[in-house]
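Residue numbers (the working numbering): 137 to 540. Here a beta-carbon is modelled for each residue, glycine too, at the ideal position from N, C-alpha and C. The structure under discussion appears below in the form of structure tokens.
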């Protein structure tokens, strides 16, 4: 009897531990409101919260890659500041977060349909002098396509590329992105209270499931069952953090974020038995998207399929082979995720061409009512088809995309 009881307990523990290690958590992201008077106090309180949140998640068996802070849009707490004064304050905030090993997003510099040269200069100055992330909103349900803001975003991308190629890794043009997403660089806070959300690296589970399914026809059902089980555990932990800390749990971003060899490209190839970009790719994207949209948990952020080219070894390799390009990625956005993410472009691309790419992203986002973003990286001195190798442990080499 004792032996049987021991086996049952051991099975329960092993099964529970497996579930919570099916994939890592990318981040717990705290959303806060700051101003020039209270930022130091709020940051200290947030660091305490993030430590507590990490402790709870790890106690529950999760592996957490990092912790993050997203603030209210930075113009709200730098209103009336010169560029120098703005940089000085952001540096102080960034120094604190860096010291505590917390990633920082200062939110969008422009949230409506306006062109603002000063904000363009501020974003460029901040991103080339700190490790903070920022963005510009290029479309919203309220204003439609933000034509004027698109011009601002295109200028930021071009200016950053001329100073520091990697700075564009920390900038996004965002369309219809809700606040409280855990993923950078589009994250921002828009609540009257402190809150948090959780991001995952669940591409690992998609890879596993799609390597085991017998056919495309039963892939959705099997993936849904696995995903819902895992995300229910994450939600349980998130609500526990809320109950213990008093910070409001906004939800989990169900996007299966990849990271290098944890590859969503490989997952799709496992399913369609062909290279990413081949016929069947859109079907696989649609299956994943349907699953992550229909999981019965509180969702935050994108909750869509991410295809970040230079963060995914297979996506990067297939781009290098010429199996897909910008047009194909935009077409995939019709059934999946996040737009154009970590796309290397020719260094001499014009502001006007960047604007047109952003217009396409904004238009698709509004037409299909889905959150999309563009993280475009012109590579100085490089032309279409040449190698794109950026100095970052998080990025893998590919080729510079052609812009027609």
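Span separating the alpha-carbon of residue i from that of residue j
i: residue 321; j: residue 200; result: 19 Å
i: residue 531; j: residue 447; result: 5 Å
i: residue 400; j: residue 347; result: 12 Å
i: residue 331; j: residue 318; result: 11 Å
i: residue 408; j: residue 402; result: 10 Å
i: residue 340; j: residue 221; result: 43 Å
i: residue 499; j: residue 275; result: 8 Å
i: residue 230; j: residue 458; result: 39 Å
i: residue 411; j: residue 418; result: 12 Å
i: residue 210; j: residue 189; result: 25 Å
i: residue 442; j: residue 176; result: 34 Å
i: residue 511; j: residue 479; result: 7 Å
i: residue 278; j: residue 493; result: 21 Å
i: residue 450; j: residue 413; result: 11 Å
i: residue 383; j: residue 184; result: 12 Å
i: residue 283; j: residue 253; result: 14 Å
i: residue 425; j: residue 357; result: 13 Å
i: residue 361; j: residue 297; result: 43 Å
i: residue 469; j: residue 506; result: 9 Å
i: residue 489; j: residue 203; result: 36 Å
i: residue 350; j: residue 398; result: 22 Å
i: residue 235; j: residue 314; result: 29 Å
i: residue 145; j: residue 454; result: Interpretation of residue 145 is limited by its pLDDT of 41, a score under 50 that renders its predicted location unreliable; the figure taken from the coordinates is listed afterwards. Roughly 46 Å separates the two Cα atoms.
i: residue 404; j: residue 460; result: 14 Å
i: residue 529; j: residue 307; result: 18 Å
i: residue 523; j: residue 328; result: 46 Å
i: residue 243; j: residue 316; result: 10 Å
i: residue 495; j: residue 471; result: 18 Å
i: residue 456; j: residue 406; result: 19 Å
i: residue 380; j: residue 215; result: 35 Å
Residue(s) in a DSSP beta bridge with residue i
i: residue 514; result: 481
i: residue 311; result: 275 and 508
i: residue 166; result: 205 and 332
i: residue 400; result: In DSSP, residue 400 forms no bridge with anything.
i: residue 240; result: 205
i: residue 444; result: 477
i: residue 436; result: For residue 436, which the question treats as bridged, DSSP gives no partner whatsoever.
i: residue 280; result: 276
i: residue 535; result: 523
i: residue 387; result: 333
Which listed residue (the options) has its alpha carbon closest to that of residue i
i: residue 246; options: 208, 443 and 175; result: 208
i: residue 434; options: 355, 168 and 368; result: 368
i: residue 355; options: 278, 422 and 198; result: 422
i: residue 249; options: 298, 242, 425 and 311; result: 311
i: residue 197; options: 373, 381 and 257; result: 373
i: residue 335; options: 436, 471, 497 and 470; result: 436
i: residue 267; options: 223, 468 and 285; result: 223
i: residue 363; options: 405, 316 and 432; result: 432
i: residue 366; options: 191, 342 and 353; result: 342
i: residue 466; options: 497, 213 and 406; result: 497
i: residue 352; options: 392, 415, 395 and 302; result: 415
i: residue 164; options: 313, 385 and 234; result: 385
i: residue 255; options: 395, 232, 227 and 212; result: 212
i: residue 392; options: 526, 429, 234 and 378; result: 429
i: residue 536; options: 235, 528 and 462; result: 462
i: residue 526; options: 406, 381, 302 and 455; result: 302
i: residue 228; options: 174, 215, 251 and 528; result: 174
i: residue 162; options: 244, 406 and 395; result: 395
i: residue 251; options: 215, 292 and 242; result: 292
Short Cβ contact (7 Å threshold) for residue i with residue j
i: residue 158; j: residue 186; result: no
i: residue 294; j: residue 515; result: no
i: residue 390; j: residue 439; result: yes
i: residue 309; j: residue 323; result: no
i: residue 304; j: residue 513; result: yes
i: residue 509; j: residue 473; result: no
i: residue 259; j: residue 269; result: no
i: residue 484; j: residue 444; result: no
i: residue 376; j: residue 160; result: no
i: residue 219; j: residue 194; result: no
i: residue 534; j: residue 452; result: yes
i: residue 170; j: residue 182; result: no
i: residue 261; j: residue 300; result: no
i: residue 192; j: residue 238; result: no
i: residue 482; j: residue 540; result: no
8 Å contact criterion, which residue i and residue j should meet: CB distance rounded
i: residue 538; j: residue 517; result: Their Cβ separation, rounded to whole angstroms, is 16 Å, which puts residue 538 and residue 517 out of contact at 8 Å.
i: residue 120; j: residue 502; result: Residue 120 is absent from the model: the chain starts at 137 and stops at 540.
i: residue 427; j: residue 359; result: 5 Å
i: residue 225; j: residue 172; result: 6 Å
i: residue 286; j: residue 491; result: 5 Å
i: residue 370; j: residue 388; result: 5 Å
i: residue 179; j: residue 217; result: Not confirmed; about 18 Å, so no contact.
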